[in-house]
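Have a look at the structure below, then the notes.
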Amino acid sequence: MSEKKLTRKEKRDRKFEKRTLSSFSGIYPYFRLLWSPRTARVSWKFIFTVIKNYLGTQFLQKWGFYHIPVVHVDSPLDKKIPFTPEKVHVYMDFVSLFLRPVTMLIRRFGIKKAAPICNAWFTATTTTYREAGRMYRHCLSTTERPAYRENFQFRIIHAFDPHLLCVPSLHIALIALTEVFFKREFKNAGLSDAECFKKNTELYNRAIDIAESVLYMKQHSVNCIPAALYMITKLFPELFTPNDATNFINDMFLSTELINQKDVSSIKEHISFMYERYLLEGVAADDWRDPVIRWIDSYDWKAEEQKAAEMSETQPVKEGSGEQDV
Numbered sequence: 002m003s004e005k006k007l008t009r010k011e012k013r014d015r016k017f018e019k020r021t022l023s024s025f026s027g028i029y030p031y032f033r034l035l036w037s038p039r040t041a042r043v044s045w046k047f048i049f050t051v052i053k054n055y056l057g058t059q060f061l062q063k064w065g066f067y068h069i070p071v072v073h074v075d076s077p078l079d080k081k082i083p084f085t086p087e088k089v090h091v092y093m094d095f096v097s098l099f100l101r102p103v104t105m106l107i108r109r110f111g112i113k114k115a116a117p118i119c120n121a122w123f124t125a126t127t128t129t130y131r132e133a134g135r136m137y138r139h140c141l142s143t144t145e146r147p148a149y150r151e152n153f154q155f156r157i158i159h160a161f162d163p164h165l166l167c168v169p170s171l172h173i174a175l176i177a178l179t180e181v182f183f184k185r186e187f188k189n190a191g192l193s194d195a196e197c198f199k200k201n202t203e204l205y206n207r208a209i210d211i212a213e214s215v216l217y218m219k220q221h222s223v224n225c226i227p228a229a230l231y232m233i234t235k236l237f238p239e240l241f242t243p244n245d246a247t248n249f250i251n252d253m254f255l256s257t258e259l260i261n262q263k264d265v266s267s268i269k270e271h272i273s274f275m276y277e278r279y280l281l282e283g284v285a286a287d288d289w290r291d292p293v294i295r296w297i298d299s300y301d302w303k304a305e306e307q308k309a310a311e312m313s314e315t316q317p318v319k320e321g322s323g324e325q326d327v
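Just so you know, the sequence shown maps onto residues 2 to 327 in the numbering used here.
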C-alpha cells in the first residue's frame, strides 16, 4: 500500500516544526527585508530610528553637541549582583532574539505571507525606540559600569555604547515585547498548539536569560528594568499586560547560584514596587513618561547608597545564622 502523498503545507510543517528558533539566522533579515519592496520602507525606517534615537543621541552627547543632563541610576541592590563577564554571549544575543523568529517566518511561509508580520514587528520596534528616545532627550542615564575590555565582545560594547541610555532599558523593553508579539503571531500564522508551546517557551526562557544578563554585565541597574516594562505596558497594552510584567519579574533568577536567595527576593520586590508605582502614577498622566521623569529628576543614587549603608549598620547580625552574601 503506497504512502499518502503529503501536501505542500504538510511538507513545510514537517520541515520546520521540530527546528528550534536558535537554529535560524539572526543575520538573514538584513539581506531580505531591507531590499524587498514589501518590507523595505518599514525596515529602513526602523534602522533610521535606531541610529537617531540610540547611536545618535549617545554619541552627539559624548562629542559635545548635546548637553542633556546625565543622572546616575545605580541602586544599592546592584551590589548584590556579581559582575559576570561570562554572560556577555547571552547579553549580545538580544538582537538575534527578535530577528530569528522573523527569519523562521520568512523561510517557512515566504516573504509574501510573512511581510505583514515583519512590518507589524518593525513598526512596533520603531515605536519603542522613538518613545525611548523621547525619554532620553529629557534626561540621559548611566550606571557604574566596570572598565572591563578583556575580550572582543566587551571591546565592541565599550566602543559602540557610551552607556548613557539606561532608563528605560531598551534591552528589557525589546525582549519583553518580542516574547508577547511573536506568541500572538505564531498562533495567527497557523502553527500547531504543540509547536507554539515549544517555540514560545524557548523564546521566553531566552528572554529571561538576557534580562538577567543586563544586570550580571553591569550594563543596567535594577532601576532600569521597571521603567522598560512600564513603557511597553503603556505603548502596547493589548500585548503586554501588568500580569505579563509580573510573571516576567517573578521568573528572573529562579535557579541562580550567583546571588543569595534573600537578595533575589529583595531585587524582585524592588522591581515590582517600582513598576507598580509607575503604573499607578501613570493612570492619569497625559504622557507615559511623566512618572519616570518625576522619579529620575528626584533620584539621588549617593543618598540611596548612604541610606542603605546606615540601615545595614543598624541591623543586628544573628550569630550562627549561617547566612552570607554570595
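Every residue, glycine too, gets a C-beta built ideally from N, C-alpha and C.
| query | result |
| --- | --- |
| Same chain only: Cβ atoms within 8 Å of residue 322, ignoring 5 sequence neighbours per side | Interpretation of residue 322 is limited by its pLDDT of 42, a score under 50 that renders its predicted location unreliable; the figure taken from the coordinates is listed afterwards. Excluding residues within five positions, none has a Cβ falling inside 8 Å. |
| CA nearest to the CA of residue 138, picked from 309, 58, 310 | 58 |
| Selected residue, minimal CA-CA separation from residue 145, among 91, 177, 221 | 221 |
| Residues bridged to residue 223 (per DSSP) | Its beta-bridge partners do not exist; DSSP assigns none. |
| Nearest-angstrom Cβ-Cβ length linking residue 243 and residue 234, presumed shorter than 8 Å | 6 Å |
| Residue 159 - DSSP class collapsed to helix/strand/coil | helix |
| Segment limits, alpha helix (DSSP H) that includes residue 175 | 171–189 |
| Span separating the alpha-carbon of residue 190 from that of residue 113 | 13 Å |
| Distance, residue 9 Cα to residue 262 Cα | 51 Å |
| Between the CA atoms of residue 292 and residue 123 - distance to the nearest angstrom | 27 Å |
| Cβ-Cβ distance between residue 106 and residue 186 below 9 Å | yes |
| Euclidean distance between Cα positions of residue 274 and residue 6 | 57 Å |
| Segment limits, beta strand (DSSP E) that includes residue 338 | The chain is shown from 2 up to 327; residue 338 falls before or after that span and cannot be answered. |
| Selection from 75, 194, 231 that minimises the alpha carbon distance to residue 281 | 231 |
| Distance CB(residue 212)-CB(residue 226) smaller than 9 Å | yes |
| Residue nearest to residue 277 in terms of C-alpha spacing, selected from 228, 40, 259, 267 | 228 |
| For residue 265, the nearest candidate out of 65, 67, 82 (CA to CA) | 82 |
| Alpha-carbon spacing of residue 298 relative to residue 141, whole angstroms | 11 Å |
| Cutoff 7 Å; reference residue 176; Cβ partners in own chain excluding five residues on either side | 95, 98, 208, 211, 212 |
| Boundaries (first-last residue) of the alpha helix (DSSP H) holding residue 141 | Per DSSP, residue 141 belongs to no alpha helix (DSSP H); it is in the beta strand (DSSP E), 141–143. |
| Straight-line Cα distance separating residue 64 from residue 253 | 37 Å |
| Residue 320 - DSSP class collapsed to helix/strand/coil | Residue placement at residue 320 cannot be trusted, given a pLDDT of 46 that sits under 50; the coordinates are not used to answer. |
| Counted within 10 angstroms of its Cβ, other Cβ atoms place residue 62 as buried (16 or more) or exposed | buried |
| Cβ neighbours of residue 47 in the same chain (closer than 7 Å, five flanking residues each side left out) | 123, 126, 127 |
| C-beta contact flag for residue 52 and residue 100 at 9 Å | no |
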